[in-house]
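Residue 44 in numbering that gives the first Met the number 0 sits at position 45 of the sequence shown; the count goes up by one each step and never skips. Built from N, CA and C at the ideal position, the CB exists for glycine as well.
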Amino acid sequence: MIPAKFDYVRPSSVDEAVAALRDAGEDAKILAGGQSLLPVLRLRLAAPSVIIDLGGIADLRRIAEDGDRIAIGAMAPHHDVMRDDLVKQHVSLLSQATATVADPQVRHRGTLGGALAHADPAGDLGAVALALDAEFVIAGASGTRTVPASEFFVDYFTTAIGEGEILTQVRFPKYTGWATHYEKFNRTAQAWSMCAVAVALRIDGGSIAEARVGLTNMGTTPIRASGVEAALVGQQANEDSARAAAEHATEGTAAPSDADAASDYREHLARVLTGRAVLAAAG
């Protein structure tokens with residue numbers, strides 16, 4: 000199907016993009032990589048009067064070191080994020096999870112910011128951002144504000160990005176030397192996660208000093224598995240501690256039932272994948 004008629008705007012700066020969004024009003028859509036928006040347009044499930052393409056803003060593609068954080072532009076393609084040396088060194092969990100996103104074609108077109116702003120609970124990167132305490136930089140007519148990951152994901156396909164605002168950057172604290180792993184279960188290589196677990200561990204002398212764990216597709220938003228984290232801290236990084244901690248994986252979750260899996264099966268997956276992810280991270 001052919002999309003409904005719309006006006007196309009391609010700004011060259013964030014200020015121009017914010018102005019274009021203000022002028023267009025509510026009846027506008029932001030185009031990042033187009034992996035979520037374009038299928039909706041083709042099916043005419045959305046018919047905006049204006050499309051604002053962020054692809055012409057070079058600053059939004061940059062990946063840079065900024066003090067104790069790695070700052071990633073919202074328009075950085077998954078492929079660039081996955082292969083970037085700074086990301087692999089300081090935020091290895093993000094690199095690992097990004098490598099599981101869909102297929103190479105999608106990873107070359109899709110963007111970090113687009114995926115996170117779309118906020119599909121089955122998406123792979125939200126759990127990583129939440130587990131690693133990422134910050135989201137959002138620009139609007141009144142200026143720029145920063146939102147922590149714990150407040151960014153509001154509900155199903157809903158974020159803290161307000162009307163007239165644009166996500167410009169995602170900032171990750173450095174986790175240099177941490178042991179990390181992203182464990183994902185899906186039916187086919189290109190499919191959304193039925194369930195997935197993001198794990199980052201700081202191991203000191205064989206014991207787990209700090210743990211960060213995020214869950215994918217276990218509720219209407221990504222979920223921080225605080226029960227698993229608490230159970231891991233102070234324990235030896237071994238199979239027994241991994242299995243014991245994994246029993247806490249479903250605490251605070253609301254696993255959905257759908258055509259892919261029933262909720263009780265997702266709960267089973269969460270426990271199994273958590274144990275696997277902890278063991279894989281610990282090496």
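Say yes only if the C-beta of residue i is nearer than 7 Å to one or more non-hydrogen atoms of the ligand GDP, and no if none qualify.
i, result
"E266", "Summarising the ligand content, the structure contains no ligands, and the ligand GDP is consequently not present."
What is the DSSP secondary structure of residue i, counted as helix, strand or coil?
i, result
"A140", "coil"
"Y155", "coil"
"Q189", "coil"
"T175", "coil"
"T273", "helix"
"A195", "strand"
"D203", "strand"
"L166", "strand"
"Q234", "coil"
"T219", "coil"
"L20", "helix"
"L30", "strand"
"E182", "strand"
"T97", "helix"
"E15", "helix"
"E246", "coil"
"A266", "Per the sequence shown, residue 266 should be read as Glu rather than Ala. E266: helix per DSSP, three-state reduction."
"E134", "strand"
So the candidates are the options; which of them puts its Cα closest to the Cα of residue i?
i, options, result
"E238", "L37, A101, A229, A280", "A280"
"D119", "D154, I137, A133", "D154"
"I71", "R170, V232, T215", "R170"
"H78", "A63, L44, G109", "G109"
"A126", "V136, A199, P255", "A199"
"G233", "T215, G204, N216", "G204"
"E182", "G161, T99, I202", "T99"
"A197", "A96, I62, I29, L40", "A96"
"A138", "L20, I1, G218", "L20"
"R144", "C194, P255, S12, I165", "I165"
"T215", "A269, G226, P103", "A269"
Between which two residues does the alpha helix (DSSP H) harbouring residue i extend?
i, result
"R41", "36–41"
"K87", "84–89"
"L129", "124–130"
"L111", "111–117"
"V49", "No alpha helix (DSSP H) holds V49; the beta strand (DSSP E) holding it covers 49–52."
"P103", "103–108"
Could you tell me the alpha carbon to alpha carbon distance between residue i and residue j, rounded to whole angstroms?
i, j, result
"A130", "L37", "29 Å"
"H107", "A31", "12 Å"
"T249", "V90", "25 Å"
"A241", "A276", "9 Å"
"L42", "A3", "9 Å"
"A140", "A133", "23 Å"
"R82", "R60", "14 Å"
"T187", "G24", "39 Å"
"L93", "A210", "15 Å"
"I222", "F184", "16 Å"
"L231", "A244", "6 Å"
"R68", "E246", "32 Å"
"T179", "D22", "44 Å"
"I207", "A253", "28 Å"
"T158", "A116", "7 Å"
"P10", "K87", "31 Å"
"A229", "S35", "36 Å"
"D65", "T167", "15 Å"
"A114", "F135", "13 Å"
"A27", "A46", "9 Å"
"D257", "A63", "40 Å"
"A75", "G112", "7 Å"
Hey, could you find the ends of the beta strand (DSSP E) residue i is sitting in?
i, result
"G72", "68–72"
"S206", "206–215"
"D65", "62–65"
"D6", "6–8"
Open item on the list: Taking contact to mean 3 or more Cβ pairs, one atom from each stretch, closer than 8 Å, check whether the stretch 169–176 and the stretch 259–272 are in contact.
Closed with: Segments in contact, no.
Open item on the list: Contact between the stretch 224–244 and the stretch 145–155 is defined here as three or more beta-carbon pairs at a separation below 8 Å; is this criterion met?
Closed with: Judged by pairs of C-beta atoms under 8 Å, the stretch 224–244 does not touch the stretch 145–155, as fewer than three such pairs exist.
TODO: Check whether the stretch 47–67 touches the stretch 11–18, taking contact to mean three or more Cβ pairs, one atom from each stretch, closer than 8 Å.
DONE: For the pair of segments examined, the stretch 47–67 was found to touch the stretch 11–18: the number of CB pairs separated by less than 8 Å reaches three.
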